[in-house]
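Residue numbers (this note's numbering): 659 to 1012. The beta carbon of each residue, even a glycine, is placed where N, CA and C say it ideally should be. Worksheet for the structure shown next.
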């Protein structure tokens, strides 16, 4: 039987404690990435409000008034500023808070998705969207006393919709509020952006540590007539500490030899020599974070300017018919039967002529 000495036992215990501490630290660091943020509407008209099918009735107060008519009644909305949620974040939960100041007949109200931006849209479009979107939450008010706060977890549909807003960098997320169409006069009033108790959402989200994709390429993607002494530049994404840059002529089948920047913290590249005239170049940026995770960038392209013609030669030895040399085009300016054509068998001494 193998027996550890006291010294060896102490060493093993020390190592075990170190492993545990490292594991706890890693878990704590991961947990710290999860954030609960509170987001409100901007204090601007139409960021909360009320609409009928024909006009905007309020630019702050949120009203939900039922009607036996499909197009009757009033519906309200809230448009929350979520621009503070970092790009790349994952939405875990969304909870809505509304402060109710009046609840006539103590019926129920629904909270819906809102795809139409109330800022700049018509009353009819906002009215339809406030009641016809996905139902995030149904509140059975019952016999209640007002004023009071309603706290409403919005569920999977709202999480998915807010995730899409964050991914698209829209900067806002909205909800519509209406009373079911089961009679006339069931009214709910909620305070809006200009009131003492404006609505808000609490969002639980996890910030991404992955490097964001590079953007804003220069030369712009698809640009032509680019100078052959051009530099490449771009904007690095979030969490980027280093990049690789690939540059290749004529196609985008990148190879290791096409890497012109290797693991550098830069946002531009100056080719050591001029590029070729009349050539399509493809390039991409691979972003890397502090732990070595990579994000593949978009493939961009541009075409360099054609060389200035200083003399014209009938020798086209490097051209395989029926192609013509780069930067040359065939144009029949007189619309007659004469024109330039490629001729692989010709009376001249060289293999090709135009």
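Item, Value
"DSSP-derived helix/strand/coil call for residue 956", "coil"
"Environment of residue 708 [buried if 16+ CB atoms lie within 10 Å]", "buried"
"Environment of residue 736 [buried if 16+ CB atoms lie within 10 Å]", "buried"
"Residue 874 burial status per 10 Å Cβ neighbour count (16 or more: buried)", "exposed"
"Identified DSSP bridge partners for residue 749", "863"
"Beta-carbon contacts of residue 701 that lie in its chain and below 6 Å, excluding the five residues immediately before and after", "851"
"Residues sharing a beta bridge with residue 907, DSSP", "939"
"Per DSSP, the bridge partner or partners of residue 875", "DSSP, once it has assigned bridges, lists no residue as partnering residue 875."
"Under 8 Å between C-beta atoms of residue 872 and residue 746", "no"
"Bridge-paired residues (DSSP) for residue 1051", "This structure does not reach residue 1051, given that the chain is present from 659 up to 1012, and the question cannot be answered."
"Test item: CB-CB of residue 758 and residue 846 under 8 Å", "yes"
"C-alpha distance - residue 943 paired with residue 836, whole-angstrom precision", "48 Å"
"Proximity below 8 Å, CB of residue 794 to CB of residue 812", "yes"
"Close-in-space but distant-in-sequence residues of the same chain around residue 900 (CB under 7 Å, 5 per side omitted)", "921, 922, 923, 946"
"Same chain only: Cβ atoms within 8 Å of residue 879, ignoring 5 sequence neighbours per side", "956, 958, 959, 960"
"Where residue 907 falls, given that 16 or more other Cβ within 10 Å makes a residue buried", "exposed"
"Beta carbon proximity, residue 758 to chain C, threshold 8 Å", "Looking for chain C here will not work: only one protein chain is present."
"Residue 743, enclosing alpha helix (DSSP H) - first and last residue", "Per DSSP, residue 743 belongs to no alpha helix (DSSP H) and is neither H nor E."
"Between the CA atoms of residue 861 and residue 696 - distance to the nearest angstrom", "6 Å"
"Beta carbon of residue 743 nearer than 8 Å to that of residue 824", "yes"
"Neighbourhood of residue 798 by C-beta, 8 Å cutoff - its chain only, sequence neighbours within 5 removed", "766"
"Segment limits, alpha helix (DSSP H) that includes residue 827", "Careful: residue 827 lies outside any alpha helix (DSSP H) and carries neither H nor E."
"Cut-off 7 Å between Cβ atoms - residues of its own chain near residue 682, not counting five sequence neighbours on either side", "In this prediction, residue 682 scores a pLDDT of 37, lower than 50, which makes its location untrustworthy; no coordinate-derived value is stated."
"Beta-carbon proximity check, residue 772 vs residue 730, cutoff 8 Å", "no"
"Nearest residue (CA-CA) to residue 693, options 891, 810, 778, 866", "866"
"Inter-residue Cα distance where the pair is residue 911 and residue 816", "41 Å"
"Simplified DSSP state of residue 893, which is helix, strand or coil", "strand"
"Close Cβ partners of residue 1005 (< 6 Å) along its chain, the five nearest in sequence each way excluded", "In this prediction, residue 1005 scores a pLDDT of 49, lower than 50, which makes its location untrustworthy; the coordinate-derived value is nonetheless stated afterwards. Within the same chain, residue 1005 has no close Cβ partners at all."
"Coil, strand or helix - residue 818 by DSSP", "helix"
"Alpha-carbon to alpha-carbon, residue 814 and residue 890", "43 Å"
"Opening and closing residue of the alpha helix (DSSP H) in which residue 784 lies", "781-790"
"Per-residue burial, residue 857 [other beta carbons within 10 Å of its own, 16 or more giving buried]", "buried"
"Expected contact under 8 Å - CB spacing of residue 962 and residue 859 to nearest Å", "Wrong, their Cβ atoms sit about 50 Å apart, outside the cutoff."
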